[in-house]
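Numbering (this note's numbering), first residue to last: 1 to 379. Note that beta-carbon positions come from the ideal geometry of N, C-alpha and C, so glycine has one too. None of the values given here were measured: they were computed from a predicted structure. Step one of this worksheet: look at the structure below.
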DNA sequence: GACCCGTGGAG
DNA sequence: TCTCCAAGGGT
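See the structure below:
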């Protein structure tokens, strides 16, 4: 049951004097413990925006080297708008959630083409840009333009659910408004950007998911859940489902021109990235039929013939241990197969090409592909 | 609203 | 090994 303020009868509120004291204490904590980060050098929208996109579902430590490299490669929004996709994805390689990179460029082109290179300055307008949702819009608007608006991310959910004992399920998007309404009156009018960044720093350094140390800070008296010993009961979050297991086969085909790699479709998992040809046996094998390994290979040969007009020679299993790679929602177990080709294969129907070692350096490879290559190299 | 979309670190 | 998490957004 939600805690209710006796004066206003609205849920999850503080009195005016409580708010004053909280703000003073919280911002004082921030002024002492504020982290120095590359994207805090100044408040240029391009730099702040890039950091916010990279930090989506990604830890600070992981982002920092990518951030520096990306800024060096694409110093301005104009450079980014004009970048070749291959270089864009290569710069993002390994960071994951690759649609972020494509949306980043889409938004850069919106800025250049639709906004004459001038950033919109409100969260409402910012949210119209590709890849910018409610959180990122709030973060940029408050940090760069001083708009008094919450930036509600995982840290904010955790900090304010514990502060105010908000027991609404944070996994339910419908409950976001409850947090918005609760946080908005807590934002100091003169420091909205600092406030939102203070939430990040406090949430990631003190009010952490595991082993929180709220009790060791001056903020402890304000945390209602800490006061009654229920800090770890918050936030309330329903469980996610487990990654679904999927069996795949990678077909490694060598030739004097290099190895055959396939560019994935422009939508869906690992969009536009490059891997060995990956076959999902479940998709090309007859259902409800027990097949021998030899028969399975025959089906794969037929699949390559019919789909790509490629004749595989000597398709065979390797003695390599399968590669296991887990995504958020999928768990791939990949068997490695080898094949030879007759000379002068026509790749007219194959979405890929032969890659030499040098050419491999230029193309964006997902981590699962790097794992597959490592498995081969170490044997 | 439910599902899709990566990766690396922590315990 | 397994589970959960980490500055979410798109469809």
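Put residue i into one of helix, strand or coil per three-state DSSP.
i           : result
residue 368 : helix
residue 75  : coil
residue 361 : coil
residue 249 : strand
residue 12  : coil
residue 259 : strand
residue 340 : strand
residue 174 : helix
residue 352 : strand
residue 23  : helix
residue 227 : helix
residue 274 : strand
residue 237 : coil
residue 377 : helix
Which same chain residues, not among the five before or five after residue i, have their C-beta less than 6 Å away from its C-beta?
i           : result
residue 340 : 313, 314
residue 259 : 355
residue 323 : 334, 371, 372, 375
residue 138 : 123, 149, 150, 151
residue 278 : 248, 250
residue 103 : 130, 131
residue 136 : 52
residue 352 : 261, 262, 263
Keeping to the same chain, check which residues put their C-beta closer than 8 Å to that of residue i; ignore five residues upstream and five downstream.
i           : result
residue 337 : 249, 250, 251, 252, 297, 300, 315, 316, 317, 318
residue 325 : 331, 332, 334, 367, 368, 371
residue 178 : 11, 12, 166, 168
residue 92  : 66, 70, 98, 100, 101, 364
residue 117 : 77, 78, 111
Report back the beta-carbon spacing between residue i and residue j to the nearest angstrom; my notes put them in contact at under 8 Å.
i           : j           : result
residue 222 : residue 22  : 5 Å
residue 273 : residue 98  : 6 Å
residue 224 : residue 186 : 13 Å between Cβ atoms; not a contact.
residue 140 : residue 48  : 6 Å
Here's a check: name, in chain order, each residue in its chain whose Cβ is nearer than 7 Å to the Cβ of residue i, leaving out the five neighbours to either side.
i           : result
residue 206 : 212, 213, 214, 217
residue 330 : 243, 244, 246
residue 366 : 270, 273, 275
residue 220 : 214, 226
residue 133 : 127
residue 83  : 74, 105
residue 229 : none
residue 380 : With the chain running from 1 to 379 in the structure shown, residue 380 is simply not present.
residue 19  : 185, 186
For this session: Could you say if the stretch 360-371 and the stretch 307-315 meet the contact criterion of at least three C-beta pairs nearer than 8 Å?
Result: no
Problem set entry | Whole alpha helix (DSSP H) elements within the stretch 277-337, 4-residue minimum | Restricting attention to alpha helix (DSSP H) runs no shorter than 4 residues, the stretch 277-337 encloses them at 281-284, 293-308, ordered along the chain.
For this session: Count the CB pairs spanning the stretch 227-247 and the stretch 148-168 that are closer than 8 Å, and state whether there are at least three.
Result: Contact holds between the stretch 227-247 and the stretch 148-168, because three or more Cβ pairs, one in each stretch, are under 8 Å apart.
Exercise. Any contact of the stretch 189-205 with the stretch 25-35, i.e. 3+ C-beta pairs under 8 Å?
Worked result: yes
Exercise. Which runs of the alpha helix (DSSP H) fall wholly inside the stretch 53-131 and span at least 4 residues, in chain order?
Worked result: 60-73, 77-81, 85-92, 99-114, 123-126
For this session: Please specify which runs of the alpha helix (DSSP H), each continuous and at least 4 residues long, are wholly inside the stretch 158-206, giving them in chain order.
Result: Unbroken alpha helix (DSSP H) stretches of 4 residues or longer found wholly inside the stretch 158-206: 176-183, 192-205, given in chain order.
For this session: Report yes or no: do the stretch 160-170 and the stretch 103-122 share at least 3 C-beta pairs separated by less than 8 Å?
Result: no
Exercise. Three or more beta-carbon pairs under 8 Å between the stretch 191-198 and the stretch 23-32, yes or no?
Worked result: yes
Exercise. Do three or more CB pairs link the stretch 10-18 to the stretch 41-49 at distances below 8 Å?
Worked result: no
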